[in-house]
Amino acid sequence: MNEFPSSSLSDSLNSFLQTQASIGMYDPSLLSGNLAIGLSEETCAVCGDQADGFHYGVRSCRGCNAFFRRAITHSMNFVCRRGGNCPVDKGARCACRACRLQKCRQVGMDSRENAKKTKKTKNSAVQPKREGNGLMAGVKNEISEPSFSAATNEINSTVDMILPEVPPSPPPNASRLVRSVFDFAEQRKRRQAIMCTTLEQVLSPEQNTLRGIASPDDLSSIFRAQIVLCFEWANKQTEFKLLDRADKLRLLRSHIFEYILLDDVFHTVQLGVTDRLVLVNNTFLAPRSFYMGSDAQKFGADVIQSMAGEWVGNIIQHCVVPWFNMKVSEIEMLTVRLYAFYNQAERLMFPESQQIARDALNTAIKEYMSYYVDECGGTREDCSTRLRMLFEILPRIREGVNYLYQTVRNIPNFGLLDHWERHLNEKIFKM
177 MNEFPSSSLS
187 DSLNSFLQTQ
197 ASIGMYDPSL
207 LSGNLAIGLS
217 EETCAVCGDQ
227 ADGFHYGVRS
237 CRGCNAFFRR
247 AITHSMNFVC
257 RRGGNCPVDK
267 GARCACRACR
277 LQKCRQVGMD
287 SRENAKKTKK
297 TKNSAVQPKR
307 EGNGLMAGVK
317 NEISEPSFSA
327 ATNEINSTVD
337 MILPEVPPSP
347 PPNASRLVRS
357 VFDFAEQRKR
367 RQAIMCTTLE
377 QVLSPEQNTL
387 RGIASPDDLS
397 SIFRAQIVLC
407 FEWANKQTEF
417 KLLDRADKLR
427 LLRSHIFEYI
437 LLDDVFHTVQ
447 LGVTDRLVLV
457 NNTFLAPRSF
467 YMGSDAQKFG
477 ADVIQSMAGE
487 WVGNIIQHCV
497 VPWFNMKVSE
507 IEMLTVRLYA
517 FYNQAERLMF
527 PESQQIARDA
537 LNTAIKEYMS
547 YYVDECGGTR
557 EDCSTRLRML
567 FEILPRIREG
577 VNYLYQTVRN
587 IPNFGLLDHW
597 ERHLNEKIFK
607 M
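This is how it looks when you write it as structure tokens:
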């Protein structure tokens, strides 16, 4: 349960990308070339990337055009988790959808502008009069046709802050990756409900306040909740349903602690914390920060010391901080989760299962690449670089899993490990 593949993660990713090239997913020669040859040198008024024309009345890039179109078409509203002042530039435009949408409106993007295009000739729509840079084009449009006044922008910003981050259901024809974001929001609610001990806790909104140093009992309660959610998440994957029952159990057994630790890392990043590892119940672990509760003695010194060991610092330094600096999004975290889950084909017993796992891994990467290029307006080269950076934390996660597993095995009331393995067996047998 605590053994992991020894193959290099970067080698695995490079091999995968070569495979994708061999099946025609992309032309590797494009990665070293300039994909923007022939495009205007004007920049996008929203993110500063290279613009490819006027969209919604503002000179903008393909990515920001696609983002704004989807946001207004599906009446999507978002809330910023960092106070509404996130940078919106080429490198970080996908990090915060609330601030990106706000920036689109601030520079003058107007959904009514595209309706006006139908009254223009084809040539005028393709080659509008170009005056000034991208930002000034947006300002000029806003002055000549004041559809978005300063007051309106303030109202929209306020609405963005108080409405849910995502609508209650995914847009029609959304990709599996986009739908997974909506599932993740529901999963967080389920997790809160499962871990609550009173009705008041169940009904209260998610809290962002840290509760204190985690106890061994916190690890136990989190494990009990997360093992159920991990199974529910896996069982929604089409490829997982195709696996032999024995191989389903192998995947779940080998992934459950990765699932838990990845959730903790991403939860910490979402809270903007970089000096400790915040668990999903808002207790935390930190090096040399020992649990000193009245019941600490019953768990033993080894458990208490391990929970504040050097491995926690490594997770913070090599996982939390890099992801925080990258402003990792939910879609990216979920891509990493899928990659970690299916990147263990050699563990599976049956060749059919091994091929299913490889196909699922390829699909996850391909969907992220499509998202990055189509939604974020990035290049395939940028996407490959970001994927490598995202996956660089996985060896550290696996090291942390080994320590975490050995720690919880020594918690007296964590003998439930065997109980939950039987629980998984029963669930899979009924499928």
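Residue numbers (the numbering used here): 177 to 607. Positions of the beta carbon are idealized from the N, C-alpha and C atoms, including for glycine.
Residue of the options minimising C-alpha distance to residue i
i	options	result
Asn538	His494, Glu415, Cys406 and Gln363	Glu415
His250	Arg281, Ala350 and Pro263	Ala350
Cys237	Met285, Arg257 and Met252	Met285
Pro392	Gly267, Lys417, Gly476 and Glu522	Gly476
Cys262	Phe254, Cys275, Met252 and Cys270	Cys275
Arg288	His231, Cys272, Val255 and Leu277	His231
Asn519	Glu434, Ala533 and Lys365	Ala533
Gln531	Cys256, Ser482, Gln282 and Asp420	Asp420
Ala401	Gln413, Gln363, Thr385 and Arg387	Gln363
Ser470	Arg464, Ala521, Ala462 and Ile480	Ile480
Val255	Cys223, Gln446 and Ile403	Gln446
For residue i, three-class secondary structure by DSSP
i	result
Thr219	strand
His250	coil
Val454	strand
Met312	Confidence at Met312 is low in this model, with a pLDDT of 30, below 50, so the placement of that residue is unreliable and no value is reported for it.
Arg534	helix
Leu437	helix
Gln582	helix
Val161	Coverage of the chain is limited to positions 177 through 607, which leaves residue 161 absent and any answer about it impossible.
Val512	helix
Thr328	Bear in mind that a pLDDT of 33 at Thr328, under 50, signals an unreliable position, so the number given afterwards is only what the model happens to contain. Residue state, collapsed to three classes: helix.
Gln413	coil
Val479	helix
Contact under 8 Å by Cβ, residue i with residue j
i	j	result
Glu568	Trp487	no
Gly553	Asp225	yes
Ala247	Val234	no
Met117	Ser397	Residue 117 cannot be examined here, being either before or after the span of the chain that is shown, 177 to 607.
Ser529	Asp359	no
Leu405	Ile507	no
Phe517	Leu427	yes
Presumed contact (8 Å Cβ cut-off) between residue i and residue j, rounded CB distance
i	j	result
Arg452	Phe442	Wrong, their Cβ atoms sit about 14 Å apart, outside the cutoff.
Phe466	Val584	The Cβ separation is near 17 Å, so there is no contact.
Val505	Cys270	Note that residue 505 is Ser in the sequence shown here, rather than Val. With 8 Å as the limit, Ser505 and Cys270 qualify as a contact, their Cβ atoms being about 6 Å apart.
Leu580	Phe433	6 Å
Ile541	Leu438	Actually they do not touch by this definition, with Cβ atoms about 17 Å apart.
Leu455	Ala390	5 Å
Length of the line joining the Cα atoms of residue i and residue j
i	j	result
Tyr548	His494	24 Å
Asn411	Val577	22 Å
Tyr544	Asp535	14 Å
Lys279	Lys417	42 Å
Arg556	Asn586	46 Å
Leu514	Asn253	27 Å
Leu570	Ala242	31 Å
Ala227	Cys240	9 Å
Thr450	Asn501	10 Å
Pro588	Asp478	12 Å
Asn458	Asp440	9 Å
Met468	Ala484	12 Å
Arg258	Leu563	24 Å
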